[in-house]
Amino acid sequence: MTPTFADLAKARYILLTTFTKDGRPKPTPVWAALDKDHGDRLLVISEKKAWKVKRIRNTLA
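When you read off a place in the sequence shown, starting at 1, and then add 1295, the result is the number in this note's numbering.
In structure tokens, the structure reads:
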């Protein structure tokens, strides 16, 4: 079953899956919170130098 945004907004932790350069998935539990100023956004907190953040940056580039 695919979770809805409402399901994710209620969760304290979610499983974020990023992908390596060769396409392998890397699921990682992360802390998440509903953005109080914008109820349609979910904030995910992580260290700036974490590998998952680097993989997200590489995906967006």
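Cβ coordinates follow ideal geometry from the N, Cα and C atoms, glycine included.
Since the structure is predicted, the reported quantities are computational estimates derived from the model, not experimental observations.
Reference K1347, options P1320, K1331, D1330, G1334, closest by Cα: P1320
Beta-bridge pairing of L1338 - partner residues as DSSP gives them: A1328
Beta-carbon proximity check, A1328 vs I1309, cutoff 8 Å: no
Sheet register partners of L1310 (DSSP bridge): P1324
Whole-number beta carbon distance between L1303 and V1339, since they are thought to touch under 8 Å: Not confirmed; about 10 Å, so no contact.
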